[in-house]
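Student: Sequential numbering of the sequence shown, starting at 1, is according to our numbering.
Here a beta-carbon is modelled for each residue, glycine too, at the ideal position from N, C-alpha and C.
In this text the structure is predicted, and so the values were computed from the model without any measurement.
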Amino acid sequence: MADSLVTRLGYPADARLVIFHADDVGVTHGSNRAFVELAAAGIVKSGSIMAPCPWAAEALALCQEHPDLDVGVHMTLTCEWAGYRWGPLTTRNAASGLIQEDGSFWPTVAEVHANADAAYAAVELRAQVERVVTAGVAISHLDSHMGVNWSPALFEIYAALGRDYRVPVFYPQGQDAVMQRIRPRQETQHELAMRLLRQYGLPPVDHVRITPAYTSEPPASPSPEVYEAVLRGLGPGITHFALHPNAPGDIEALDRVNSRWRVFEYGYFQSTRLARFLEAEGIIPIGYRELCNAMRQGVA
1 MADSLVTRLG
11 YPADARLVIF
21 HADDVGVTHG
31 SNRAFVELAA
41 AGIVKSGSIM
51 APCPWAAEAL
61 ALCQEHPDLD
71 VGVHMTLTCE
81 WAGYRWGPLT
91 TRNAASGLIQ
101 EDGSFWPTVA
111 EVHANADAAY
121 AAVELRAQVE
131 RVVTAGVAIS
141 HLDSHMGVNW
151 SPALFEIYAA
161 LGRDYRVPVF
171 YPQGQDAVMQ
181 RIRPRQETQH
191 ELAMRLLRQY
201 GLPPVDHVRI
211 TPAYTSEPPA
221 SPSPEVYEAV
231 LRGLGPGITH
241 FALHPNAPGD
251 IEALDRVNSR
261 WRVFEYGYFQ
271 STRLARFLEA
281 EGIIPIGYRE
291 LCNAMRQGVA
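1) In terms of residues, what are the limits of the beta strand (DSSP E) holding L243?
2) Using DSSP bridges, identify the partner residues of H207.
3) In whole angstroms, what is the alpha-carbon distance linking F20 and S48?
4) Take the Cβ of Q64 as the centre, count every other Cβ of all protein chains shown within 10 Å, and call the residue buried at 16 or more, exposed below.
5) By the three-class DSSP mapping on this structure, what secondary structure does F277 have?
6) For the alpha helix (DSSP H) containing G345, name the first residue and the last one.
7) Can you list, in chain order, the residues of its chain with a C-beta nearer than 6 angstroms to that of V163? Leave out the 5 residues immediately preceding and following it.
8) In the structure shown, what three-state DSSP assignment does A294 receive?
9) Any chance you could list the alpha helix (DSSP H) runs of at least 4 consecutive residues sitting entirely within the segment 131-185, in chain order?
10) Once you ignore the five residues that flank A121 on each side, which residues in its own chain have a CB closer than 7 angstroms to its CB?
11) What is the rounded straight-line gap between the Cα of Y266 and the Cα of P218?
12) What's the gap between the Cα of H74 and the Cα of Y288?
13) What residue from I238, Y268, S223 and V167 has the CA that sits closest to P245's CA?
14) Are the beta-carbon atoms belonging to T211 and L254 less than 8 angstroms from one another?
15) Since P172 and V208 should fall inside the 8 angstroms C-beta cutoff, what is the C-beta to C-beta distance between them, to a whole number of angstroms?
16) Taking the CB atoms as reference points, tell me whether A61 and G26 lie closer together than 8 angstroms.
17) With hydrogens ignored, establish whether the beta-carbon of T76 is closer than 7 angstroms to any heavy atom of the ligand ZN.
18) With a Cβ-Cβ cutoff of 8 angstroms, do E30 and I251 count as a contact?
19) If you follow the alpha helix (DSSP H) that G30 is in, where does it begin and where does it stop?
20) Report the three-state DSSP secondary structure of R16 (helix, strand or coil).
21) By how many angstroms is the C-alpha of A56 removed from the C-alpha of S221?
22) Run through DSSP, which three-state label would V299 get?
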């Protein structure tokens, strides 16, 4: 049950636990800087590295400098930004179905699902984990860039990697509205995912929230009130809140549409205002390391 994991972690059954998660570490220098600074501030406790991205090497070096960081691998098979491209670590073979003519990943999840050869995808995703692990990073979890790994064929690869590396894989057992934006509900697919998680002993989270810019009806602009409304509406259980923080200076030229949200998250998620709000609401920030340790101890 949803509350049994919460209580086994040592919290009251009605606790609202939130994994404030920094996605896209390694995509820019500013994303790396944001993660390190936010982790030090204490609200954002987890983040994940996009191993194929241009700034992944710096991200790995920072993890070596800060070995207590709660870090996962942001499994990547898409490259959604025009003019700023990355591609697989393992192949430039068009027969893989992983790449466009320029050698970069497809920009959309639909194109990946329509074209990718699962055998090539399995090799690539394992190589991404290995790049992080062989750099000396003790990973705490795996998660999925743009939800790309949540098709039936790719989810089996994703879950098997969690089993092999003994880490949780991000997947929500609930069906929040935001999930319909990431992946339209397909009951048989959801049942397959949950069956694999149970089979491999991988704990799902209960709910998911995301940077409001990426919801189906994004607000006009970021503000504390926008995020506080989302947080105020959270129910009991474990919520994965996928954030995209980026320190100012590089993201503005790369993501002209949503850079203001990313820069806002960099400031707001280390603010005294948010810390006080969370305390007043009784919302408890946790990290994937907590879930990973519980899983390995047979508690999760």
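Tutor: Straight from the coordinates:
1) As a position in the sequence shown, residue 243 is number 243, starting the count at 1. Its beta strand (DSSP E) spans residues G237 to L243.
2) Mapped onto the sequence shown, residue 207 falls at position 207. Answer by DSSP bridge pairing, in chain order: T239.
3) As a first step, residue 20 is located in the sequence shown; it is residue number 20 there, counting from the start. As a first step, residue 48 is located in the sequence shown; it is residue number 48 there, counting from the start. Their Cα atoms are separated by approximately 11 angstroms.
4) Sequence index remark: in the sequence shown, residue 64 carries index 64 (1-based). So Q64 ends up on the exposed side.
5) Here the question's residue 277 lines up with position 277 in the sequence shown. Helix, per DSSP.
6) Look at the range of the chain in this structure, 1 to 300, and you will see that residue 345 is not part of it.
7) Translated into the one-based positions of the sequence shown, residue 163 becomes position 163. The residue asked about is misnamed: residue 163 is Arg in this sequence, not Val. Once the five neighbours on either side are set aside, the close Cβ partners of R163 are Y200.
8) Reading the sequence shown from its first residue, position 294 is the one you call residue 294. It is helical.
9) 152-165 and 177-182
10) Position 121 of the sequence shown, counted from the start, is the residue given in the question as residue 121. These residues qualify, in order along the chain: L77, L98, L154 and I157.
11) Here the question's residue 266 lines up with position 266 in the sequence shown. Here the question's residue 218 lines up with position 218 in the sequence shown. Cα-Cα distance, rounded: 19 angstroms.
12) What you label residue 74 is simply residue 74 of the sequence shown in a count that begins at 1. What you label residue 288 is simply residue 288 of the sequence shown in a count that begins at 1. Their backbone Cα atoms lie some 13 angstroms apart in a straight line.
13) One-based indexing of the sequence shown puts residue 245 at position 245. For the residues I238, Y268, S223 and V167, the minimum Cα distance to P245 belongs to Y268.
14) Here the question's residue 211 lines up with position 211 in the sequence shown. Here the question's residue 254 lines up with position 254 in the sequence shown. Their beta carbons are not under 8 angstroms apart, which means T211 does not touch L254 by this criterion.
15) Here residue 172 refers to the residue found at position 172 when the sequence shown is read from its first residue. Here residue 208 refers to the residue found at position 208 when the sequence shown is read from its first residue. Sure, about 5 angstroms apart at Cβ, within 8 angstroms.
16) The residue given as residue 61 occupies position 61 in the sequence shown. The residue given as residue 26 occupies position 26 in the sequence shown. No; because the gap between Cβ atoms is not below 8 angstroms, this pair is not in contact.
17) Summarising the ligand content, the structure contains no ligands, and the ligand ZN is consequently not present.
18) In the sequence shown, the residue the question calls residue 30 occupies position 30. In the sequence shown, the residue the question calls residue 251 occupies position 251. The sequence as given places Gly at residue 30; Glu does not occur at that position. Yes; because the gap between Cβ atoms is below 8 angstroms, this pair is in contact.
19) Here residue 30 is taken as the residue at index 30 of the sequence shown, counted from 1. Segment H29 to A41, the alpha helix (DSSP H) holding G30.
20) Numbered from its first residue, the sequence shown carries residue 16 at position 16. Correct three-state label for R16: strand.
21) In the sequence shown, counting from the first residue as 1, residue 221 sits at position 221. In the sequence shown, counting from the first residue as 1, residue 56 sits at position 56. Those two C-alpha atoms are separated by around 29 angstroms.
22) Along the sequence shown, one-based indexing puts residue 299 at 299. Coil at V299, not helix or strand.
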